[in-house]
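Residue numbers (the working numbering): 3 to 416.
Ideal placement from N, C-alpha and C gives every residue a C-beta, glycine not left out.
Quick notes on the structure that follows.
See the structure below:
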């Protein structure tokens, strides 16, 4: 035998199938069906993310670039699509009206600004339903009781504001909007247990629980302000913001006293804002995170609640009022900026928005229909959808994550 013959392919046993005789087993067919189904889910997720992205506006060198966090949220959307359930999105927003009623807003109740903002968020869910039949639910994590005591707005007015939002959602049939109380988010009670009385009685406890469970200490915040330039920039911006927000409270104080109050209030707001963000991430880890603040889009989708006529971000509805210009464009402005140049339009016997005195062909806005009177008895939400969702708990944030948080996010009140 030639020595080379030993290198030939060894004899194959007859029980090993050859390529031409291979036939798929039943299990292989099942696996193929499963893969096809999963692939379909994946394709649906991409369509949903395209819809969500279309509502976003981000800052950066290339504003036309794709949404940076899109790959990150693919798994979140897949979580809901695979179960054939509505995709869930959460935005911390709509806390309470500004305490500066003389120069910024029209009162302590929602007005046209909130109506436009809620409608835009509901539009996201409606658009998702066009590509994914179960649609979506947009959760409004209203954090009014986290900040109202800092800026001098009462718990009663904060409750009235939240009830006014619900009245708008009912009247306008914004059925994809779900309101999320902080007390419900962290498991203090279910949505159906919430009443005006329970809201008032648990507000202080809720603030303490959020700070202790999810917040950094004031000392940690102070160290970050000193060590990180971006956090320091956010802090300085908040101190400046509080100069107008706390206008009434600061009026009788000396310069030193004003600076002390503004700085301590800014640190407290940063502490609670961080705590609320981490609470949302912990209790609702599979939600797509929305923000009404401009950002790079690296960790959330930034949505302009009321885009300017140029499509840019404007002041938040709770820190401004809407002025309609002669072309029908919506502008979020401080009330003292348009008081002398615009007509004040009322709804339900209360001021609702301003309209340019030079507006032509917009008479329909001047006869704004009355809305149903909203009650303050406590509304039972969509079953108990607002109860904390049982998912795997996200890990606590590292110091670098907290730094990143302050680089990208100002408190909801801004």
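Closest residue to residue i among the options (Cα-Cα distance)
| i | options | result |
| --- | --- | --- |
| residue 357 | 348, 351, 350 and 344 | 344 |
| residue 219 | 159, 190 and 271 | 271 |
| residue 75 | 302, 233 and 238 | 302 |
| residue 98 | 112, 41 and 92 | 112 |
| residue 88 | 103, 217 and 46 | 46 |
| residue 465 | 167, 288, 100 and 102 | This structure cannot speak to residue 465, because the chain is shown only from 3 to 416. |
| residue 292 | 42, 95, 145 and 43 | 95 |
| residue 235 | 325, 283, 55 and 265 | 265 |
| residue 239 | 326, 338, 269 and 229 | 269 |
| residue 58 | 338, 347, 191 and 93 | 93 |
| residue 321 | 347, 284, 248 and 82 | 248 |
| residue 146 | 158, 285, 49 and 139 | 158 |
| residue 286 | 35, 43 and 90 | 90 |
| residue 210 | 114, 284, 190 and 195 | 190 |
| residue 153 | 254, 231 and 246 | 246 |
| residue 86 | 138, 68, 56 and 300 | 138 |
| residue 40 | 69, 73 and 83 | 83 |
| residue 56 | 35, 329, 38 and 125 | 125 |
| residue 199 | 230, 329 and 162 | 162 |
| residue 67 | 300, 231 and 214 | 300 |
| residue 241 | 43, 348 and 260 | 260 |
| residue 309 | 214, 332 and 328 | 332 |
| residue 224 | 216, 197, 312 and 267 | 267 |
N- and C-terminal bounds of the beta strand (DSSP E) containing residue i
| i | result |
| --- | --- |
| residue 61 | Here residue 61 belongs to no beta strand (DSSP E), and DSSP marks it neither H nor E. |
Check whether residue i and residue j have beta carbons under 8 Å apart
| i | j | result |
| --- | --- | --- |
| residue 359 | residue 334 | no |
| residue 108 | residue 319 | no |
| residue 181 | residue 203 | no |
| residue 250 | residue 178 | no |
| residue 298 | residue 54 | no |
| residue 106 | residue 295 | no |
| residue 101 | residue 155 | yes |
| residue 110 | residue 288 | no |
| residue 346 | residue 119 | no |
| residue 244 | residue 133 | no |
Cutoff 6 Å; reference residue i; Cβ partners in own chain excluding five residues on either side
| i | result |
| --- | --- |
| residue 150 | 98 and 160 |
| residue 227 | 233, 234 and 237 |
| residue 413 | Unreliable positioning characterises residue 413 in this predicted model, as indicated by a pLDDT of 40, which lies under 50. The coordinate reading is nonetheless provided below. Excluding sequence neighbours, residue 413 sits near 271 and 275. |
| residue 314 | none |
| residue 141 | 92, 180 and 182 |
| residue 117 | 170 |
| residue 114 | 324, 354 and 355 |
| residue 229 | none |
| residue 390 | Any reading at residue 390 needs caution, since the residue's pLDDT is 39, under 50, leaving its predicted position unreliable; the model's value is listed next. Only 189 and 285 meet the Cβ criterion. |
| residue 376 | Confidence at residue 376 is low in this model, with a pLDDT of 35, below 50, so the placement of that residue should be treated as unreliable; the coordinate-derived value is given next. Correct list, in chain order: 165, 166 and 169. |
Neighbourhood of residue i by C-beta distance below 7 Å, restricted to the same chain and skipping five residues each side
| i | result |
| --- | --- |
| residue 121 | 174 and 176 |
| residue 384 | Only weak support exists for where residue 384 lies, its pLDDT of 40 falling under 50; the coordinates are left without a value. |
| residue 340 | 325 and 356 |
| residue 79 | 47, 50, 51, 89 and 290 |
| residue 304 | 58, 59, 60, 293, 295, 296 and 297 |
| residue 205 | 147 and 157 |
Beta-bridge pairing of residue i - partner residues as DSSP gives them
| i | result |
| --- | --- |
| residue 282 | DSSP, once it has assigned bridges, lists no residue as partnering residue 282. |
| residue 334 | 324 |
| residue 290 | 91 |
| residue 100 | Beta-bridge pairing links residue 100 to no other residue. |
| residue 357 | 326 and 345 |
| residue 257 | For residue 257, which the question treats as bridged, DSSP gives no partner whatsoever. |
| residue 141 | 92 and 180 |
| residue 352 | 349 |
| residue 303 | 292 |
Residue i CB to nearest heavy atom of the ligand ZN below 7 Å
| i | result |
| --- | --- |
| residue 61 | As for the ligand ZN, it is missing from this structure, which has no ligand bound. |
Contacts around residue i, its chain only, beta-carbon distance under 8 Å, and the 5 residues preceding and following it disregarded
| i | result |
| --- | --- |
| residue 212 | 148, 184, 188, 274, 277, 278 and 281 |
| residue 103 | 109 and 110 |
| residue 143 | 92, 93, 94, 95, 182, 184, 187, 278 and 282 |
| residue 130 | 50, 53, 54, 89, 137 and 138 |
| residue 256 | none |
Host alpha helix (DSSP H) of residue i (start-end)
| i | result |
| --- | --- |
| residue 244 | 231-247 |
| residue 75 | Neither: residue 75 is in no alpha helix (DSSP H) and is coded neither H nor E. |
| residue 125 | 114-131 |
| residue 206 | 198-216 |
| residue 314 | Where residue 314 is concerned, there is no enclosing alpha helix (DSSP H), given that its DSSP letter is neither H nor E. |
| residue 150 | 146-153 |
| residue 84 | Element bounds for residue 84: n/a, residue is neither H nor E. |
| residue 167 | 157-173 |
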